[in-house]
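In our numbering, the protein residues as written are 7 to 218.
We put the beta carbon where it would ideally sit given N, CA and C, even for glycine.
Beneath this line is the structure, given in structure tokens, with notes to follow.
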Ligand SMILES: Cc1cc2nc3c(=O)[nH]c(=O)nc-3n(C[C@H](O)[C@H](O)[C@H](O)COP(=O)(O)O)c2cc1C
């Protein structure tokens, strides 16, 4: 097999622009406008976002999670609280989220702080999932080393048959409260649009354009 010629992979971005004149002053609304546009264009994992956390000793790590809700309060996803990400969040509440929507040549960056959702929100989502997924969440000690995948499958099946499916205390939601959004629209010749919303001390959002 040949190594691909990466230096020749080159795409010009020209499917849209982001002007100060067509922005909303509220970044949550701007997110909603873009998210709806993505959903009507290309639904393929549009709600997948990269979550970056930083450990206590300042090592960063990233992984995809699925956005399951958003509002002015923040951006919600669900996971195992004892996972690597859970442990890092325990030690450092500063996180970043990242969306990439290639069909519209757009990226959204979010930075903020994170906390657990209420047990009620975690329950509502947990019990809305297919029972097989509930059983998987119950038996998986996410991010621990395992020796045998088949054991997982057996445990999941046994849990489905024998147990009342109850949300484990260590499985639930997190909500990210943004203090910064950046909306990036790919433009021709790499002169991209970048608009940043920063939450200021007076509790309003300051809008600034960044150099590409
Ligand atoms: C598209 C996509 C969506 C994912 N969504 C989730 C999710 O919502 N929650 C979750 O715990 N893991 C999700 N994962 C798996 C995570 O990327 C990761 O493997 C897992 O959460 C363990 O991460 P950690 O060891 O850093 O805690 C997803 C993976 C992909 C590729």
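- In terms of side-chain proximity, the C-beta atom of residue 157 is found no nearer than 7 Å to any non-hydrogen atom of ligand 1.
- Contact annotation: residue 62 and residue 97 have beta-carbon atoms nearer than 8 Å.
- For residue 194 and residue 18, the gap between their C-alpha atoms comes out near 6 Å.
- Look at which beta carbons fall closer than 7 Å to any heavy atom of ligand 1; those residues are 51, 54, 67, 69, 70, 71, 72, 83, 84, 85, 86, 89, 90, 91, 92, 148 and 149.
- The continuous beta strand (DSSP E) containing residue 184 extends over residues 177-191.
- The C-beta separation of residue 116 from residue 184 comes to about 5 Å, placing the pair in contact by the 8 Å criterion.
- Residue 79 and residue 181 have their C-alpha atoms spaced approximately 8 Å apart.
- In the structure shown, residue 156 falls within a helical segment according to DSSP collapsed to helix, strand and coil.
- Among the bridge pairs identified by DSSP, residue 66 is matched with 60.
- Under the 8 Å Cβ criterion, the segment 148-159 counts as touching the segment 76-96, having at least three qualifying pairs.
- The bridge partners DSSP lists for residue 92 come to none.
- Residue 166 carries a helical assignment under DSSP once its states are collapsed to helix, strand and coil.
- Close CB contacts of residue 71 within its chain, under the 7 Å cut and outside five residues either way in sequence, are with 55, 57, 83 and 85 (chain order).
- With 16 or more neighbouring CB atoms inside 10 Å of its own CB, residue 94 falls in the buried class.
- Of the candidates 99, 15, 41 and 208, the residue whose Cα lies closest to the Cα of residue 77 is 41.
- In the three-state DSSP reduction, residue 161 falls in the helix class (H, G or I).
- Taking the Cα of residue 217 as reference, the smallest distance to any Cα among 106, 190 and 16 is reached at 190.
- Residue 103 sits in a strand when the DSSP states are folded into three classes.
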